[in-house]
Amino acid sequence: MAKAFFITGTDTEVGKTYPTCALLHRARQAGLTAAGLKAVAAGVDASGKNEDVEALRAASSPELTLPESIRNPYLFSPAIAPHIAAREACVKIEFAVIEAAVQQALQQADVVLLEGAGGFRIPLGTDGDSADLAQKLGLPVMLVVGMRLGCLNHALLTAEAILARRLSLAGWIANNIRPDMPFHADNLATLKTLIPAPLLGVIPHALPGGVAAAARGLDVFEE
Ligand SMILES: Nc1ncnc2c1ncn2[C@@H]1O[C@H](COP(=O)(O)OP(=O)(O)OP(=O)(O)O)[C@@H](O)[C@H]1O
Ligand SMILES: [Mg+2]
Numbered sequence: 001m002a003k004a005f006f007i008t009g010t011d012t013e014v015g016k017t018y019p020t021c022a023l024l025h026r027a028r029q030a031g032l033t034a035a036g037l038k039a040v041a042a043g044v045d046a047s048g049k050n051e052d053v054e055a056l057r058a059a060s061s062p063e064l065t066l067p068e069s070i071r072n073p074y075l076f077s078p079a080i081a082p083h084i085a086a087r088e089a090c091v092k093i094e095f096a097v098i099e100a101a102v103q104q105a106l107q108q109a110d111v112v113l114l115e116g117a118g119g120f121r122i123p124l125g126t127d128g129d130s131a132d133l134a135q136k137l138g139l140p141v142m143l144v145v146g147m148r149l150g151c152l153n154h155a156l157l158t159a160e161a162i163l164a165r166r167l168s169l170a171g172w173i174a175n176n177i178r179p180d181m182p183f184h185a186d187n188l189a190t191l192k193t194l195i196p197a198p199l200l201g202v203i204p205h206a207l208p209g210g211v212a213a214a215a216r217g218l219d220v221f222e223e
């Protein structure tokens, strides 16, 4: 049965995209077709491409024929807060458009992972913020915790916000964004005790083999 998840994180740049790519590989390793979508992207390179959208495309099943409007419904050039980028471009971010993109992706893929922008409460304009979007879509949420000092508070606040919205927290991923976090094991154990959802896996820092190798350590989409 086709299934979609909303991927959020404890902040921007904590590695939502990197673990989402690992999750896409994990699904594919389990024999499923998988599509990674970026709801709202802000920031492009010299050729007009967004790094997240390209990474998610590269990690998705190559046989999928999803148009750009589904892979990334909203793209803005400046790397600034999405609702400000949208205002500057005179564009309204419509949740119904993002919902339609997820539904269309689900017609082709067994697993659809929708990466949000920034953290869970990032404003997205007049339709609401990222939490409102997750609620409108009604998708189970996966939370990426960027393992660094400060992550305990950010992770617990985010988990609380997800559950306060009566969304299902399908699980969380510990992403080692630092090469060497002091007391990593203790922090991980604390989060395991306090986050009321399963730990889906730990993504090592800069693992040789990249996201495909990191995927093998994830306890999800079992064969
Ligand atoms: N486990 C990891 N090992 C090494 N580098 C990582 C890891 N996770 C993330 N990174 C790097 O950290 C940076 C931020 O990660 P990423 O782009 O996935 O964050 P993000 O939360 O998706 O950011 P955004 O809010 O912009 O979408 C990237 O350069 C990424 O390659
Ligand atoms: Mg990202």
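Our numbering puts the first residue of the sequence shown at 1, with every later residue one more than the last.
Here a beta-carbon is modelled for each residue, glycine too, at the ideal position from N, C-alpha and C.
Residues that residue i bridges to, as DSSP identifies them
i: residue 34; result: 111
i: residue 6; result: 114 and 141
i: residue 203; result: 175
i: residue 146; result: 175
i: residue 129; result: 123
Proximity of residue i and residue j at Cβ, strictly below 8 Å
i: residue 56; j: residue 38; result: yes
i: residue 130; j: residue 20; result: no
i: residue 82; j: residue 22; result: no
i: residue 162; j: residue 143; result: yes
i: residue 197; j: residue 169; result: yes
i: residue 203; j: residue 185; result: no
i: residue 36; j: residue 177; result: no
i: residue 6; j: residue 137; result: yes
i: residue 30; j: residue 102; result: no
i: residue 34; j: residue 109; result: yes
i: residue 135; j: residue 87; result: no
i: residue 207; j: residue 152; result: no
First through last residue of the alpha helix (DSSP H) which encompasses residue i
i: residue 210; result: 210-215
i: residue 91; result: From DSSP, residue 91 is part of no alpha helix (DSSP H); its letter is neither H nor E.
i: residue 53; result: 51-59
i: residue 24; result: 17-29
i: residue 164; result: 151-164
i: residue 70; result: 68-71
i: residue 185; result: 184-194
Contact belief for residue i with residue j at Cβ below 8 Å, rounded distance in angstroms
i: residue 124; j: residue 93; result: 5 Å
i: residue 158; j: residue 10; result: 6 Å
i: residue 174; j: residue 145; result: 5 Å
i: residue 27; j: residue 111; result: 4 Å
i: residue 180; j: residue 200; result: That pair is no contact at about 23 Å.
i: residue 24; j: residue 50; result: 17 Å between Cβ atoms; not a contact.
i: residue 97; j: residue 73; result: 5 Å
i: residue 127; j: residue 95; result: 5 Å
i: residue 32; j: residue 221; result: 6 Å
i: residue 116; j: residue 133; result: 7 Å
Segment limits, beta strand (DSSP E) that includes residue i
i: residue 175; result: 169-175
i: residue 75; result: 74-76
i: residue 42; result: 40-42
Who's in the neighbourhood of ligand 2, going by beta-carbon under 6 Å from any heavy atom, listed in chain order?
-> With 6 Å as the limit, the residues whose C-beta approaches a heavy atom of ligand 2 more closely than that are 16, 17, 52 and 115, in chain order.
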